[in-house]
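S.K.:
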Amino acid sequence: MTSHVLTVTCPSKRGIVAAISGKLAELGCNITDSAQFDDPGTDQFFMRVSFVSEKGLSRADLVAEFTPVADAFAMRWAVHDEEKKMKVVIMVSRFGHCLNDLLYRWRIGALPIDIVAVVSNHMDYQKLVVNHDIPFYQVRVTKENKPEAEARLIEIVEESGAELVVLARYMQILSDQLCRKMSGRIINIHHSFLPSFKGANPYKQAFERGVKLIGATAHYVTADLDEGPIIEQDTIRVTHAQSPEDYVSLGRDVEAQVLSRAIHAHIHHRVFINGNKTVVFPASPGSYASERMG
123 MTSHVLTVTC PSKRGIVAAI SGKLAELGCN ITDSAQFDDP GTDQFFMRVS
173 FVSEKGLSRA DLVAEFTPVA DAFAMRWAVH DEEKKMKVVI MVSRFGHCLN
223 DLLYRWRIGA LPIDIVAVVS NHMDYQKLVV NHDIPFYQVR VTKENKPEAE
273 ARLIEIVEES GAELVVLARY MQILSDQLCR KMSGRIINIH HSFLPSFKGA
323 NPYKQAFERG VKLIGATAHY VTADLDEGPI IEQDTIRVTH AQSPEDYVSL
373 GRDVEAQVLS RAIHAHIHHR VFINGNKTVV FPASPGSYAS ERMG
């Protein structure tokens, strides 16, 4: 039996849940997990349903059968095959902690993605990436060649069929054009607990303000720097006795964890963009299990 995920966003209206569950039952589908949220602020309804087709219906069959229900409620919706791994391009500069963490989680099956390329503006991690049998591309970026470099990046994304780009401490600003082209499909890890301390050196800013908590934020990339819808955040305590360098070291673990959790939510279709915010549903049972536990 094939497992699928149905994602739905539509104007709030009575009868949506009944229509969805009723149609799935009619098609011989068994719901294994379901989450919903009705936002009175935007008058939008969000729902994620995991289900198994006990009749073995294909994704195309399910789409065809569900379309009349979707049309009746003006839904923005999709049916996803849970077994299909999302194709991902990872981008990195000279800080490798997030890249290393993602490669490890990918290798043991804890992060079920298909890493189709790693792109960097430096050569620091070429050997690491190639040793994982993943294509590595160096795309140098300067003030003079930035349009050409970004064109090459877009070429890599399109040729690899990537559905998601992950900025794993990639220290270059993407153009407005690319941000719009891949809206909702680029995730960045920012080494600060946004919306505070934006920009390239937030740990120094945090140190100068004497904060007692530092953190990291994973968000979708938009044309507004560090302003995109937030997917995941976490913090760690610091004291007055610690240095800016301590902040950096302590922050690395938080960054890696926050980024991996954000990617996990995205690839399992748990994140819904709701204006400047997101709706992030809990993980389905078993979705954190890896192929190599222990």
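Each number in our numbering comes from the position in the sequence shown (counting from 1) with 122 added on.
The C-beta atom is built at its ideal place from N, Cα and C for all residues, glycine as well.
On a CA-only basis, which of Gly408, Leu381, Glu349, Lys334 is nearest histidine 362? Give me that one, please.
M.R.: Within the sequence shown, residue 362 is the residue found at index 240, counting from 1. If we check each option's Cα against that of histidine 362, Lys334 comes out closest.
S.K.: Using alpha carbons as the reference points, say which of Val214, Thr154, Ala194 lies closest to leucine 381.
M.R.: The count along the sequence shown starts at 1 and reaches residue 381 at position 259. When each option's Cα is compared against that of leucine 381, the closest is Val214.
S.K.: My output table needs one value for valine 214: the three-state DSSP class, helix, strand or coil.
M.R.: Walking along the sequence shown from the start, residue 214 turns up at place 92. Three-state DSSP puts valine 214 in a strand.
S.K.: Just verifying my parser: in three-state terms, what is the DSSP assignment at lysine 135?
M.R.: Residue numbering aside, residue 135 sits at position 13 when the sequence shown is read from its first letter. Residue state, collapsed to three classes: coil.
S.K.: Here's the rule I'm using: 16 or more other beta-carbon atoms within 10 Å means buried, otherwise exposed. How should methionine 77 be labelled?
M.R.: Because the chain in this structure spans residues 123 to 416, residue 77 falls outside the shown range and cannot be described.
S.K.: Does the separation of the CB atoms of alanine 290 and isoleucine 212 fall below 7 Å?
M.R.: Counting from 1 along the sequence shown, the entry for residue 290 is found at position 168. Counting from 1 along the sequence shown, the entry for residue 212 is found at position 90. Their beta carbons are under 7 Å apart, which means alanine 290 touches isoleucine 212 by this criterion.
S.K.: Roughly how many whole angstroms lie between the Cα atoms of alanine 405 and serine 134?
M.R.: Taking the first residue of the sequence shown as 1, we reach residue 405 at position 283. Taking the first residue of the sequence shown as 1, we reach residue 134 at position 12. Whole-angstrom Cα-Cα distance: 23 Å.
S.K.: DSSP state of glutamine 294, grouped into three classes?
M.R.: On the sequence shown, residue 294 is found 172 positions in, with the first residue counted as 1. Coil.
S.K.: At what residue ranges does the segment 214 to 282 contain a whole run of the alpha helix (DSSP H), taking only runs of 4 or more?
M.R.: Within the segment 214 to 282, the complete alpha helix (DSSP H) runs of at least 4 residues are 219 to 229, 248 to 252, 268 to 282.
S.K.: I think leucine 286 touches methionine 208, with their Cβ atoms under 8 Å apart; what is that distance to the nearest whole Å?
M.R.: Numbered from 1 along the sequence shown, position 164 holds the residue referred to as residue 286. Numbered from 1 along the sequence shown, position 86 holds the residue referred to as residue 208. The Cβ separation is near 6 Å, so the contact holds.
S.K.: Looking at the structure shown, is lysine 303 part of a helix, part of a strand, or coil, going by DSSP?
M.R.: Here residue 303 corresponds to residue number 181 of the sequence shown, with the count starting at 1. Helix, per DSSP.
S.K.: DSSP on arginine 181, reduced to helix/strand/coil?
M.R.: Counted from its first residue, the sequence shown places residue 181 at position 59. Correct three-state label for arginine 181: helix.
S.K.: Please report the residue range of the beta strand (DSSP E) in which glutamate 205 lies.
M.R.: Taking the first residue of the sequence shown as 1, we reach residue 205 at position 83. No beta strand (DSSP E) holds glutamate 205; DSSP gives it neither H nor E.
S.K.: Is DSSP giving glutamate 330 helix, strand or coil here?
M.R.: For this step, residue 330 is matched to residue 208 along the sequence shown. Three-state result, glutamate 330: helix.
S.K.: So, under 8 Å CB-CB, valine 238 and alanine 284 are touching, yes? Tell me the CB distance rounded to an integer number of Å.
M.R.: Here residue 238 corresponds to residue number 116 of the sequence shown, with the count starting at 1. Here residue 284 corresponds to residue number 162 of the sequence shown, with the count starting at 1. About 6 Å; that satisfies the 8 Å criterion.
S.K.: Are the Cβ atoms of leucine 184 and valine 201 separated by less than 7 Å?
M.R.: As a first step, residue 184 is located in the sequence shown; it is residue number 62 there, counting from the start. As a first step, residue 201 is located in the sequence shown; it is residue number 79 there, counting from the start. For leucine 184 and valine 201, yes; Cβs fall inside 7 Å.
S.K.: Nearest by alpha-carbon distance to proline 190: which of Ser297, Lys145, Pro162, Asp375 is it?
M.R.: For the purposes of this step, residue 190 is taken as residue 68 along the sequence shown, with counting starting at 1. Of the listed residues, the one whose Cα sits closest to proline 190 is Lys145.
S.K.: Using a 10 Å radius around the Cβ and a threshold of 16 neighbouring Cβ atoms, would you call threonine 129 buried or exposed?
M.R.: Residue numbering aside, residue 129 sits at position 7 when the sequence shown is read from its first letter. Threonine 129 should be labelled buried.
S.K.: How far does the beta strand (DSSP E) with aspartate 155 in it extend, from its first residue to its last?
M.R.: In the sequence shown, the residue the question calls residue 155 occupies position 33. Its beta strand (DSSP E) spans residues 151 to 161.
S.K.: According to DSSP, simplified to helix, strand and coil, what is tyrosine 325?
M.R.: Walking along the sequence shown from the start, residue 325 turns up at place 203. Helix, per DSSP.
S.K.: For tryptophan 228, which residues of its own chain have a beta-carbon under 7 Å away from its beta-carbon, when the five flanking residues on both sides are left out?
M.R.: Position 106 of the sequence shown, counted from the first residue, corresponds to residue 228. Here the set comprises Ile235, Ile237.
S.K.: Can you tell me where the beta strand (DSSP E) holding alanine 340 begins and where it ends?
M.R.: Here residue 340 refers to the residue found at position 218 when the sequence shown is read from its first residue. It spans 335 to 342 - the beta strand (DSSP E) in which alanine 340 sits, taken as one unbroken run.
S.K.: Skipping 5 residues on each side, what residues in its chain have a beta carbon closer than 7 Å to that of serine 282?
M.R.: Counting from 1 along the sequence shown, the entry for residue 282 is found at position 160. For serine 282, where only same-chain residues beyond five positions count, the Cβ hits under 7 Å are Lys209, Val211, Val238, Ala239.
S.K.: If I'm right that glutamate 377 touches isoleucine 295 with Cβ under 8 Å, what's the distance once you round it to whole angstroms?
M.R.: On the sequence shown, residue 377 is found 255 positions in, with the first residue counted as 1. On the sequence shown, residue 295 is found 173 positions in, with the first residue counted as 1. With a Cβ gap of about 18 Å, glutamate 377 and isoleucine 295 do not count as contacting.
S.K.: Give a yes or no on contact between the segment 238 to 253 and the segment 317 to 325, applying the rule of three or more CB pairs nearer than 8 Å.
M.R.: Short answer: they don't touch.
S.K.: Please return the same chain residues whose Cβ sits closer than 7 Å to the Cβ of tyrosine 259, not counting the five positions on each side in sequence.
M.R.: Within the sequence shown, the letter at position 137 stands for residue 259. Hits under 7 Å: Ala239, Val241, Ile278.
S.K.: What span of residues does the alpha helix (DSSP H) with glutamine 379 cover, start to end?
M.R.: On the sequence shown, residue 379 is found 257 positions in, with the first residue counted as 1. Segment 366 to 389, the alpha helix (DSSP H) holding glutamine 379.
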